[in-house]
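Going by this note's numbering, the first residue of the sequence shown is number 148, and it counts up by one from there. Ideal placement from N, C-alpha and C gives every residue a C-beta, glycine not left out.
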Amino acid sequence: MLVEQLIRETLEMQGFRIESVKKAGSELVVTLVPDLRYHPRCGVCNSPGDYRDTLSERRFRHVPLWAIPVTLVYAPCRVTCPECRSVHVESMPWAAGKKRLTRAFAVALASWAKSLPWLQVARQFQCSWCTVAAAVAYVVAFGLSRRDLSCITHIGIDEISRQKGHVYLTNVYDLRTGTLIWSGEGRTRDTLSAFFDFFGPERTARLVGICCDMWPSYIEAIKTKAPQVTLVFDKFHIVRQLTEAVDKVRRQEVAEKEQEHKGVLAGTRYIWLKNPWNLTDRQKASLSFLETLNLKIHRAYLLKESFRDFWQSATRDAAAKFMEHWFGLAMESKIKPMQDFALLLKRHEENILSYFDMPISNGAVEGLNNKAKVISHRAYGFRSAKNYILNLYHCMGRLPMPTSLHRFA
C-alpha cells in the first residue's frame with residue numbers, strides 16, 4: 148500500500164513493522180508491532196535487554212500525509228537491562244524522547260517554528276500549542292547537548308527588555324560567529340555569574356576578550372569570574388550615552404527658554420542627533436540658522452561631533468591624549484550633561500581605551516538583540532521567560548538538529 152510505503156520512508160522503524168493502517172474519523176491510525184527477529188533494547192542506554200512484560204498502548208503523532216493527521220499506535224515492552232541493572236521501557240527509535248510525538252514530526256514542527264509563531268504552526272499542523280512547544284524543547288535540548296563551545300575566545304554581553312517594568316534577559320553571544328551562547332533572566336551580578344558557572348572554568352580560562360556596556364553588575368561579575376580577560380566597553384553604548392547627553396541639553400534648554408523663544412528649538416531633536424551627512428537640506432538650513440544663536444545645545448553638538456575623531460586614533464596612547472583634551476573641553480563648557488558624560492569617560496577610561504588594544508564591539512550583538520525583539524513581537528510576547536529563552540536558543544543558537552528521514556519542504 149502507498150500509505151505504508153510513505154510511513155516506512157519517513158519513520159525510523161528498524162526492528163518493527165506495520166501491522167495495519169486504518170482510517171479513524173479524520174486521522175490515519177497506524178499500528179506497529181515488533182518484528183519477529185527484534186530484540187528489545189533499553190530506553191536509557193540502548194543496550195540489548197531481556198523482555199519482562201508489555202505495557203498498554205501508546206499513541207504518537209507523526210507527520211501528516213496530505214494534511215491528514217497520522218497517529219502511530221504501539222504497545223512497548225519493559226526490559227531488564229544488564230548495563231543499568233534495572234527495568235526500563237524499551238527504546239523506540241521513532242520517539243522524540245518521552246514525548247508522544249515522533250522525531251520526524253518534532254523536527255518538522257520545530258523547523259517551521261523558526262519562521263512562524265508557535266500558535267500558527269499548531270494551527271497548520273492541527274495540533275496544540277503545547278505540542279509545538281514540546282517539539283521545540285526536544286530539538287533545543289538535543290542541540291544544546293551537542294554544540295561545541297570549546298573554540299570561543301571573544302564574547303559580547305548585552306541585556307534585552309522582556310516586558311514592561313524593567314524585566315530583562317541577559318544574552319551572551321560569540322562575537323566571532325554571532326551565535327547566542329546563553330540567555331538568563333535578570334541583569335544582576337548573579338545572572339552573569341550563572342553564565343560563567345555554566346560555561347565552566349576551563350572554557351572561561353580560554354576567553355581573551357569580553358565586550359559589554361558599563362553596567363556595574365556585569366563589571367563585578369567579569370572581574371570576579373574572568374579576571375584574565377581584556378574587558379572592552381562597547382563603542383556603540385558609549386556613543387548612545389553621548390547622544391543622550393546632547394538630547395538632555397536640548398530638553399533643558401527648551402525648559403529654560405522664555406515662552407516666545409521655545410519655538411526656535413521645536414522639532415530640532417534629530418538635527419542634533421543625526422550624523423551630519425544624513426541631514427536633509429531643510430535640516431541643514433535649520434542648523435545653519437541655529438548656529439548663529441549661541442545656544443548651549445549647539446556647543447554640546449560641536450563636542451559630540453568632535454568626539455568622532457576619538458575612534459579614529461591610531462594607537463592607545465593617541466586615544467588617551469585625545470580623551471584628555473576632550474575631557475578638558477567638556478568640563479570647560481560648563482554644560483552639566485556633557486560634564487557628566489566626560490566624568491563617566493574618566494571613571495571607565497582604562498576599559499574604554501582597551502578598544503585600541505582589542506577592537507571588538509557589540510555592533511553585531513545589537514543587531515542580534517533586535518532579532519530577539521522581532522521573535523518576541525512575532526509571537527505577541529511570551530508568558531514565561533522560559534519559553535522566550537527556548538525560542539531564542541532555537542532561532543539564534545545555530546544548534547545542530549536531530550536527523551530525520553522526513554524532509555519537509
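Reduced DSSP category for residue i - H, G, I as helix; E, B as strand; rest coil
{"i": "Thr338", "result": "helix"}
{"i": "Leu450", "result": "helix"}
{"i": "Val176", "result": "strand"}
{"i": "Arg309", "result": "strand"}
{"i": "Cys224", "result": "strand"}
{"i": "Ser480", "result": "coil"}
{"i": "Trp213", "result": "coil"}
{"i": "Asp428", "result": "helix"}
{"i": "Phe555", "result": "No answer about Phe555 holds up, because its pLDDT of 49 lies below 50 and its placement is not dependable."}
{"i": "His186", "result": "coil"}
{"i": "Arg294", "result": "coil"}
{"i": "Asp549", "result": "Looking at the sequence provided, one finds Pro at residue 549 rather than Asp. Pro549: coil per DSSP, three-state reduction."}
{"i": "Leu490", "result": "helix"}
{"i": "Val376", "result": "coil"}
{"i": "Arg247", "result": "strand"}
{"i": "Asn498", "result": "helix"}
{"i": "Cys231", "result": "coil"}
{"i": "Trp362", "result": "coil"}
{"i": "Glu367", "result": "helix"}
{"i": "Lys261", "result": "coil"}
{"i": "Trp329", "result": "strand"}
{"i": "Glu159", "result": "coil"}
{"i": "Phe272", "result": "coil"}
{"i": "Lys468", "result": "helix"}
Status (buried if at least 16 other CB within 10 Å, exposed otherwise) for residue i
{"i": "Thr427", "result": "exposed"}
{"i": "Ala392", "result": "buried"}
{"i": "Ala373", "result": "buried"}
{"i": "Ser167", "result": "exposed"}
{"i": "Asp305", "result": "buried"}
{"i": "Trp419", "result": "buried"}
{"i": "Pro541", "result": "At residue 541 the sequence reads His, which differs from the Pro that was named. Answer is buried; the Cβ neighbour count reaches 16."}
{"i": "Glu452", "result": "exposed"}
{"i": "Tyr320", "result": "buried"}
{"i": "Tyr557", "result": "Any question about residue 557 goes unanswered here, given that the chain covers just 148 to 556."}
{"i": "Gly172", "result": "exposed"}
{"i": "Thr439", "result": "exposed"}
{"i": "Phe457", "result": "buried"}
{"i": "Arg232", "result": "exposed"}
{"i": "Ile215", "result": "exposed"}
Beta-carbon contacts of residue i that lie in its chain and below 7 Å, excluding the five residues immediately before and after
{"i": "Ala556", "result": "Bear in mind that a pLDDT of 48 at Ala556, under 50, signals an unreliable position, so the number given afterwards is only what the model happens to contain. Around Ala556: no qualifying Cβ."}
{"i": "Leu450", "result": "Leu476, Ala477, Ser480 and Met485"}
{"i": "Asn489", "result": "The identity of residue 489 in the sequence shown is Ala, whereas the question assumes Asn. Once the five neighbours on either side are set aside, the close Cβ partners of Ala489 are Phe474, Ala477 and Met478."}
{"i": "Asn498", "result": "Leu378, Val379 and Phe380"}
{"i": "Val176", "result": "Lys169, Thr218 and Val220"}
{"i": "Arg353", "result": "Thr300"}
Nearest-angstrom Cα separation, counted from residue j out to residue i
{"i": "Met239", "j": "Arg225", "result": "11 Å"}
{"i": "Val234", "j": "Val150", "result": "35 Å"}
{"i": "Ala447", "j": "Met505", "result": "29 Å"}
{"i": "Lys311", "j": "Ser523", "result": "13 Å"}
{"i": "Ile482", "j": "Val512", "result": "32 Å"}
{"i": "Ala257", "j": "Ala288", "result": "12 Å"}
{"i": "Leu491", "j": "Ile385", "result": "10 Å"}
{"i": "Thr157", "j": "Ala255", "result": "11 Å"}
{"i": "Asn517", "j": "Ala532", "result": "17 Å"}
{"i": "Thr351", "j": "Phe343", "result": "7 Å"}
{"i": "Gln271", "j": "Arg530", "result": "22 Å"}
{"i": "Asp394", "j": "Leu434", "result": "15 Å"}
{"i": "Pro187", "j": "Glu159", "result": "15 Å"}
{"i": "Pro211", "j": "Ser275", "result": "14 Å"}
{"i": "Gly356", "j": "Val376", "result": "5 Å"}
{"i": "Ile369", "j": "Trp424", "result": "38 Å"}
{"i": "Ser292", "j": "Tyr527", "result": "29 Å"}
{"i": "Arg294", "j": "Leu546", "result": "6 Å"}
Residues of its chain near residue i, where Cβ-Cβ distance is below 6 Å and the 5 sequence neighbours each way are ignored
{"i": "Thr201", "result": "Ala222 and Cys224"}
{"i": "Asp381", "result": "Cys358, Asp360, Ser508 and Asn509"}
{"i": "Thr249", "result": "Phe207, His209 and Trp241"}
{"i": "Leu412", "result": "Val401"}
Cutoff 8 Å; reference residue i; Cβ partners in own chain excluding five residues on either side
{"i": "Tyr417", "result": "Gln430"}
{"i": "Ala260", "result": "Val268, Val279, Ala282, Val283, Asn538 and His541"}
{"i": "Ala557", "result": "In the structure displayed, the chain extends from 148 to 556; residue 557 sits before or after that span and is not available."}
{"i": "Phe454", "result": "Leu389 and Trp473"}
{"i": "Thr335", "result": "Ser364"}
Interface flag, residue i vs chain B, CB-CB below 8 Å
{"i": "Pro348", "result": "As a matter of chain content, chain B is missing from the structure shown, which is built from one protein chain."}
Q.
So, does the region 326-345 touch the region 532-552, judging by three or more C-beta pairs under 8 Å?
A. yes
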